[in-house]
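In my numbering, the protein residues as written are 1212 to 1609. Where a beta carbon is used, it is the ideal one built from N, C-alpha and C, also for glycine. Reading through the structure tokens given below for one structure.
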Amino acid sequence: AAAMFEEQAGQYDWHKENIGRVTHAVMTGGKAYVATESNVVAGLDTKRGRISWRQILEDNPSEKIVSLLHHQKMLVTLSEPKTVRVWNTRDGSLVWASDSSHAQTNTSHLSTPLRISVQSRISGESPLASSSAIIVRDADARAYVAVLSGRSVTLYDLIEPTVIWEQKVDAAIEPLLLSAAAGRDGDRLLLLASSTTEAAQQQQHKAIILTLDVQTGAASPGKPASRSISSPLGAASAVPGGFAFIDAQGGGGGGTLVVLRPGQPDAELSFSGLGSEPRLQASLKSDAVLLHDATGTKTHLCALSSGSDAGSDALTLVATLESPYPAKYSFVRGAGASRLRVARAYADADAGTLSSSVYDLAEGPSGASSPSETLAAGAGYAEQGGVYAVYAQFLKKS
């Protein structure tokens, strides 16, 4: 890990080894919590450049950390295939751990399986092995961990290892991702799924959002939000109140960035030259949606607005940034930070430097022309593949 403060920009700050290659991180109050490819979970003191604590998970090749969540004094990790662990952020002690084989179930909250009417489903399709986790709150602000694993959605109490409810997803749809929408009576849990049907010897694809009640797991009555798409659902990410995904069109690398949210008009932007495997980056705590091309050297910075008044203009392209080397982006966290502020970093393999910038999309194209700060990093960064992650936190207005 590497870090710098605003007044130290351009100077080498600190780095920490012995935790592995970072895959997930959250930052809050001068602390960073990370999960790595080596199945290590650690707390870092970003002010002093020290490892506060470190936990090494069992050496199991089949277990991989796929999600890292933070809520107050709790840190949550989800590992495939379905292991949830809750850690104390102060000292890294394990609060509880649970998987599908030994979790206690509160059966009084169970409801009927999630179902949706889809006709003429194509036979022979294998279920998608999707894993996703999110923290949601009920009307009393009590926090829970919702986990999507394979074809089931499970709600755990955050404080103790109790399963509040578990829902099996109907075989007619393929579950992909979880999100949440805030409401006056607590959060609504959202499940993004896809379906493929056959009509007149042609495949028809659809993106579907199911809305689940946090207390019971029951799906909201009525027709779910949906959209017909050109090809099977690929890259997708959770956004506030819904999901963003790419509707790939043809084989020329073109596609449409779509934001689908229950109760709001669809928002979309068309792009070309995305390559064969474009990536989406978004967050429930940010109103920025980032669309990366397959090379990682070009990124479209998009701003998302909410409310029915926004209509089809809810998604706007603010700027397109290019870098000489693959770049990594993150959303700036912290109280007082703009929900449209993003950070970028990349390594210059020839010069042996790190380049970092912060952009505020609320200022329009001018906010996406922030000057870069350069850090002398040495050739080792380039030899190890350059920057693999960047994380930023808003500390003070000055």
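**Q.** Inter-residue CB distance, residue 1454 and residue 1420 (contact presumed, cutoff 8 Å)
**A.** Taking the Cβ atoms as the reference, residue 1454 lies roughly 7 Å from residue 1420, within the contact range of under 8 Å.
Q. If you draw a straight line from the alpha carbon of residue 1376 to that of residue 1367, how long is it in whole angstroms?
A. Rounded to whole angstroms, residue 1376 to residue 1367 spans 8 Å at the Cα level.
Q | Extent of the continuous beta strand (DSSP E) run through residue 1254 | A | 1251-1256 is the extent of the beta strand (DSSP E) around residue 1254.
Q. What did DSSP end up calling residue 1386 once you bin it into helix, strand or coil?
A. Annotated three-state conformation of residue 1386 is strand, per DSSP.
Q: Leaving out five residues on either side along the sequence, give the residues of the same chain with a beta carbon under 6 Å from the beta carbon of residue 1439.
A: Once the five neighbours on either side are set aside, the close Cβ partners of residue 1439 are 1417.
Q) How would you call residue 1305, buried or exposed, if buried means at least 16 neighbouring beta carbons within 10 angstroms? A) Exposed: under 16 other Cβ atoms inside 10 Å.
Q. Which two residues bound the contiguous beta strand (DSSP E) that contains residue 1453?
A. Residue 1453 -> beta strand (DSSP E) spans 1453-1460.
Q: Count the other C-beta atoms from every protein chain shown that fall within 10 angstroms of the C-beta of residue 1451, then say buried if there are 16 or more, exposed otherwise.
A: Residue 1451 should be labelled buried.
Q) If you check the beta carbons only, do residue 1342 and residue 1363 fall under 8 Å apart? A) Residue 1363 sits away from residue 1342, with the two beta carbons spaced by 8 Å or more.
Q: Mark residue 1261 as exposed unless 16 or more other C-beta atoms lie within 10 angstroms of its C-beta, in which case mark it buried.
A: Looking at its Cβ environment, which holds fewer than 16 other Cβ atoms inside 10 Å, residue 1261 is exposed.
Q.
Under 8 Å: do the stretch 1404-1412 and the stretch 1384-1391 share three or more Cβ pairs, one atom per stretch?
A. Touching, yes.
Q) So, using beta-carbon positions, are residue 1485 and residue 1390 closer together than 8 Å? A) No; because the gap between Cβ atoms is not below 8 Å, this pair is not in contact.
(Q) Closest to residue 1527 by C-alpha separation, out of 1490, 1537, 1477, 1569, would be which residue? (A) The closest CA to that of residue 1527, considering only 1490, 1537, 1477, 1569, is found on 1477.
Q.
Would residue 1509 and residue 1488 be called neighbours here (beta carbons separated by less than 8 Å)?
A. Cβ distance not < 8 Å, so residue 1509 and residue 1488 don't count as in contact.
Q.
For residue 1427 and residue 1570, I'd like the C-alpha separation in whole angstroms.
A. In a straight line, the C-alpha of residue 1427 is about 41 Å away from that of residue 1570.
Q.
Can you find the residues in the same chain that come closer than 7 Å, C-beta to C-beta, to residue 1275, ignoring five residues on each side of it along the sequence?
A. So the qualifying residues of the chain are 1290, 1291.
Q) For the stretch 1534-1585, which segments carrying the beta strand (DSSP E) assignment without a break, of at least 3 residues, lie completely within its bounds, in sequence order? A) For the beta strand (DSSP E) assignment, the uninterrupted runs of no fewer than 3 residues enclosed by the stretch 1534-1585 are, from N- to C-terminal side, 1539-1542, 1552-1559, 1564-1571.
Q.
Quick check on residue 1352: does DSSP put it in helix, strand or coil?
A. In the three-state DSSP reduction, residue 1352 falls in the coil class, being neither helix nor strand.
Q. Residue 1553 and residue 1536: beta carbons closer than 8 Å?
A. For the 8 Å CB-CB criterion, residue 1553 and residue 1536 do not form a contact.
Q: Put residue 1429 into one of helix, strand or coil per three-state DSSP.
A: Residue 1429 falls in the coil class under three-state DSSP.
Q | Whole-angstrom distance between residue 1430 and residue 1346, CA atom to CA atom | A | Just so you know, the alpha carbons of residue 1346 and residue 1430 end up roughly 18 Å apart.
Q. From 1474, 1392, 1469, 1516, pick the residue whose C-alpha is nearest to that of residue 1502; which is it?
A. Comparing Cα-Cα distances from residue 1502 to each of 1474, 1392, 1469, 1516, the minimum goes to 1469.
Q) Taking buried to mean at least 16 other C-beta atoms within 10 Å of its own C-beta, is residue 1398 buried or exposed? A) It is buried - the Cβ of residue 1398 has at least 16 other Cβ atoms within 10 Å.
Q: Could you check how far apart the C-beta atoms of residue 1288 and residue 1245 are, in whole angstroms? I think they sit under 8 Å.
A: With a beta-carbon spacing of about 11 Å, residue 1288 and residue 1245 fall beyond the 8 Å limit used to define contacts.
Q) Can you tell me where the beta strand (DSSP E) with residue 1602 in it begins and where it stops? A) Neither: residue 1602 is in no beta strand (DSSP E) and is coded neither H nor E.
Q: Hey, could you find the ends of the beta strand (DSSP E) residue 1375 is sitting in?
A: Counting along the chain, the unbroken beta strand (DSSP E) around residue 1375 starts and ends at 1373-1379.
Q. What are the boundary residues of the beta strand (DSSP E) that includes residue 1296?
A. Element bounds for residue 1296: 1294-1299.
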